[in-house]
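Asker:
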Amino acid sequence: PVVAILVGISLLRGPKVEHTVHIPDTGLNLDENETEFVPYDSTSPVAWFQKNSVEAFDDAIIILDNIGNEIPAGVLRDAERTRQLIADHGLGWTSPFAVGDPRTLAWDYGAAGDTGFMAISGRHENQNPFRAYFVKTDDGMRLDWEATTAQCDIKVKDLVAAAPESPVMLRAWVGKQPHFDSETGRGGLFSWYQILDADQAEFVWAYAPTGSQLDQEIKALMNYGLIVLDRKDEVRAIVRLVKPQVGFRETEFEIVELITEEWVMP
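Under the working numbering, the letters of the sequence shown match residues 807 to 1072, in that order.
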């Protein structure tokens, strides 16, 4: 009876999903493993990746291994629009993906709304890091080039000069620390964040109204204010910013929308 009970408990816990985690501050860390029990849900956006993890990984590696100075047909998400963006902005990398040895790669799954994705982290042959995103479509696995290259309406480094009066979309790191905020006077009205570019080299300040739903949603991504979970200093996210008209420094912006965590558009 005891054995039967233990077997029953193990089945209820669901399949064991093991994945390696990319640590942004230190680059690829293959010694940092996170193993957790994730109940399988056939309706989840990541269900296909969980069920077909080997196929998904192999397909993604084939795509990366065949990308050179040009991208072959049949590998891009939203191919027609993406190819126009590549023509306008360039490929986004100058060195092939080094994917020959799986031990040098890390991968995980996630979802943006109803869109599941797989992210593979590693290095180009010139040792520059990459994080490539793949989505499953009716036509097979596709590279999300916009997420992979962190495409934005305006780059973080250009925000101050542009001072956009209408909201602009950014794929960025969003950072938060307790000392960013002031609890007294007018400062108590604003919850401040750092908006950093993909390389975490350039940043601006941006705020959401303190205690607003938007503020709570962003903080939730970071486990901010929760005792039971480790707080994250920064997370990848897609946000929309606008330049306030008066009363703020040139490096200060307003967050008007959190589109999704990570860089895959729903």
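From the three backbone atoms N, C-alpha and C, an ideal C-beta is built for every residue, glycine too.
Starting from the C-beta of Asp1021, find all residues in its chain whose C-beta is less than 7 Å away, skip the five residues before and the five after it, and write them out in chain order.
Answerer: Start at 1 with the first residue of the sequence shown, and residue 1021 comes out as number 215. For Asp1021, where only same-chain residues beyond five positions count, the Cβ hits under 7 Å are Ser997, Ala1014, Pro1015.
Asker: Determine which residues share a DSSP beta bridge with Leu976 and list them.
Answerer: Locating residue 976 in the sequence shown gives position 170, where the first residue counts as 1. Bridge partners of Leu976: Val1045.
Asker: Going by the beta-carbon positions, is the gap between Trp979 and Gln957 smaller than 8 Å?
Answerer: Within the sequence shown, the letter at position 173 stands for residue 979. Within the sequence shown, the letter at position 151 stands for residue 957. No. Outside cutoff.
Asker: Nearest CA to the CA of Leu965: which residue from Asp920, Arg889, Ile1061?
Answerer: By 1-based counting over the sequence shown, the position of residue 965 is 159. The shortest Cα separation from Leu965 among Asp920, Arg889, Ile1061 belongs to Ile1061.
Asker: Are there 16 or more other CB atoms within 10 angstroms of the CB of Val1052, so buried, or fewer, so exposed?
Answerer: Sequence index remark: in the sequence shown, residue 1052 carries index 246 (1-based). Per the 10 Å Cβ criterion, exposed.
Asker: Whose CA, out of Asp1036, Glu1040, Met1028, lies closest to the CA of Gln1000?
Answerer: The residue you call residue 1000 lines up with position 194 of the sequence shown. Gln1000 has its Cα closest to that of Glu1040, out of Asp1036, Glu1040, Met1028.
Asker: Could you pull the start and end residues of the alpha helix (DSSP H) that Thr888 belongs to?
Answerer: Numbered from 1 along the sequence shown, position 82 holds the residue referred to as residue 888. Unbroken alpha helix (DSSP H) run through Thr888: 885-895.
Asker: State the Cα-Cα distance for the pair Glu931 and Phe903, rounded to the nearest angstrom.
Answerer: Within the sequence shown, residue 931 is the residue found at index 125, counting from 1. Within the sequence shown, residue 903 is the residue found at index 97, counting from 1. Going from the Cα of Glu931 to the Cα of Phe903 covers about 6 Å.
Asker: Three-state secondary structure (DSSP) at Pro905?
Answerer: Within the sequence shown, residue 905 is the residue found at index 99, counting from 1. Just to set this straight, residue 905 is Val in the shown sequence, not Pro. In this structure, Val905 counts as coil in the three-state DSSP scheme.
Asker: Which residue comes first and which comes last in the alpha helix (DSSP H) that contains Ala953?
Answerer: Taking the first residue of the sequence shown as 1, we reach residue 953 at position 147. Taken as a continuous stretch (DSSP letters only), the alpha helix (DSSP H) holding Ala953 covers 951-954.
Asker: Within the same chain, show all residues whose beta-carbon is closer than 7 Å to that of Val881, passing over the 5 residues directly before and after it, in chain order.
Answerer: Along the sequence shown, one-based indexing puts residue 881 at 75. Taken in chain order, the residues that qualify are Ile869, Arg948, Leu949.
Asker: I need the boundaries of the alpha helix (DSSP H) containing Ala853, first residue and last residue.
Answerer: For this step, residue 853 is matched to residue 47 along the sequence shown. From DSSP, the alpha helix (DSSP H) with Ala853 extends over 853-857.
Asker: Taking C-alpha atoms, which residue in Gly896, Ser848, Ser988 lies nearest to Glu876?
Answerer: Numbered from 1 along the sequence shown, position 70 holds the residue referred to as residue 876. Among Gly896, Ser848, Ser988, the Cα nearest to that of Glu876 is on Gly896.
Asker: Could you check whether Arg937 and Ala925 sit closer than 8 Å to each other, using their CB atoms as the reference points?
Answerer: Numbered from its first residue, the sequence shown carries residue 925 at position 119. Numbered from its first residue, the sequence shown carries residue 937 at position 131. Yes.
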